[in-house]
Amino acid sequence: MPDFSDGAQEAKRDVRAAVLARRRALTAPQRADAAGRVQAELVALVRRLRPLRMTAYVPVGSEPGGPDLPTVLHAALPPGGELLLPVLCDDLDLDWAAWSGPAGLVAAGRGMREPAGPRLGRAAVAGAQLVVLPALAVDRRGLRLGRGGGSYDRALARVPATALTVVPLHDGELVEALPAEPHDRPVRAVVTPADGLRTLDAAPGGVAGVAPHTSAGRIRGR
-16 MPDFSDGAQE AKRDVRAAVL ARRRALTAPQ RADAAGRVQA ELVALVRRLR
34 PLRMTAYVPV GSEPGGPDLP TVLHAALPPG GELLLPVLCD DLDLDWAAWS
84 GPAGLVAAGR GMREPAGPRL GRAAVAGAQL VVLPALAVDR RGLRLGRGGG
134 SYDRALARVP ATALTVVPLH DGELVEALPA EPHDRPVRAV VTPADGLRTL
184 DAAPGGVAGV APHTSAGRIR GR
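With the working numbering, letter number 134 in the sequence shown gets 117, and the count goes up by one each step, no holes.
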């Protein structure tokens, strides 16, 4: 169980500031190289798991994965596979809409880009077999550090235990421990440019079809 320490909110603010400063310091070639490696790992994972529904997001700025991440992931889905992207609600919860291509994206709050299509409801994420979501850092227990709005913690509460939840990170953003609060929800795996796919302690017994601590390109069946 995570340790819920006093002063967690202030500690989180400090970690956020440090991570964002490191991300801003990355050069364009470094970002592009990291995005390519992360995309390759996620594409291999999608092709392995063949989800009928998955979720992702549009990375902005220095976020890992590159702005074309949804395009790349959608192309890797099996026939009939569906990719949903988040739509930020007024209360900072997340609704969902289907990916229809880059032309279907519109600018949204907090610098996000989101699909303009019909809203499918906040519970749509409950039907996903693979959930790719952002974070500034993740620790080895699977606890993630977001931007502070709690949007993805609420979404993760609706994700079934059978789904694989994966966070793309830059190298150095998988850490030993993060400050935690009771509402924080763990994820099951991360992808980094150097180490590829790594399952975490949030996935006791492992993740079906994914060998622990291995690249998605080398995963083995269970």
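For each residue, glycine too, the CB sits at the ideal point set by N, CA and C.
Do you know offhand how far residue i's Cα is from residue j's?
i: Phe(-13); j: Ala160; result: Any reading at Phe(-13) is ruled out, since the residue's pLDDT is 47, under 50, leaving its predicted position unreliable.
i: Leu69; j: Pro117; result: The sequence given here places Pro at residue 69; Leu does not occur at that position. Straight-line Cα distance between these residues: approximately 11 angstroms.
i: Asp224; j: Gly129; result: Only positions -16 to 205 of the chain appear in the structure, and residue 224 is not among them; the question remains open.
i: Ala81; j: Gly44; result: 22 angstroms
i: Gly94; j: Asp76; result: 16 angstroms
i: Pro85; j: Asp(-3); result: 34 angstroms
i: Val108; j: Ala4; result: 31 angstroms
i: Ala144; j: Glu(-7); result: 30 angstroms
i: Leu56; j: Gly92; result: 23 angstroms
i: Leu71; j: Arg7; result: 24 angstroms
i: Lys(-5); j: Glu46; result: 18 angstroms
i: Gln2; j: Gly100; result: A quick correction: the sequence has Val, not Gln, at residue 2. Looking at the two C-alpha atoms, the distance is approximately 33 angstroms.
i: Ala18; j: Gly48; result: 4 angstroms
i: Gly133; j: Pro12; result: 32 angstroms
i: Leu88; j: Arg123; result: 34 angstroms
i: Ala90; j: Asp154; result: 28 angstroms
i: Asp78; j: Leu113; result: 17 angstroms
i: Gly204; j: Asp73; result: Legend: pLDDT at Gly204 = 30, less than 50; position of this residue unreliable, no value from coordinates given.
i: Gly125; j: Ser83; result: 31 angstroms
Apply the 10 Å Cβ neighbour rule to residue i and answer buried if 16 or more other Cβ atoms are within range, or exposed otherwise.
i: Glu24; result: buried
i: Asp16; result: exposed
i: Ala27; result: buried
i: Asp22; result: One detail in the question is off: residue 22 reads as Gln in this sequence, not Asp. The residue is buried, with at least 16 neighbouring Cβ atoms inside 10 Å.
i: Arg30; result: exposed
i: Ala59; result: buried
i: Ala111; result: buried
i: Pro98; result: buried
i: Gly131; result: exposed
i: Gly(-10); result: exposed
With C-beta atoms as the reference, is residue i less than 8 angstroms away from residue j?
i: Ala39; j: Val115; result: yes
i: Leu147; j: Thr175; result: no
i: Arg141; j: Arg102; result: no
i: Arg171; j: Leu183; result: yes
i: Arg96; j: Val41; result: yes
i: Leu119; j: Arg(-1); result: yes
Length-filtered (3 minimum) beta strand (DSSP E) runs lying within the stretch 61 to 138: 65 to 71, 77 to 81, 88 to 90, 96 to 98, 113 to 115 and 120 to 122
Meets three-Cβ-pair contact criterion under 8 angstroms: the stretch 49 to 64 and the stretch 152 to 169: Short answer: they don't touch.
Entirely enclosed beta strand (DSSP E) segments - the stretch 34 to 59, minimum 3 residues: 36 to 38
The stretch 166 to 179 touching the stretch 126 to 146, judged by at least three CB pairs closer than 8 angstroms: yes
Inter-stretch contact at 8 angstroms, needing at least 3 Cβ pairs: the stretch 57 to 66 / the stretch 18 to 36: yes
Minimum length 3: unbroken beta strand (DSSP E) runs contained in the stretch -10 to 24: none
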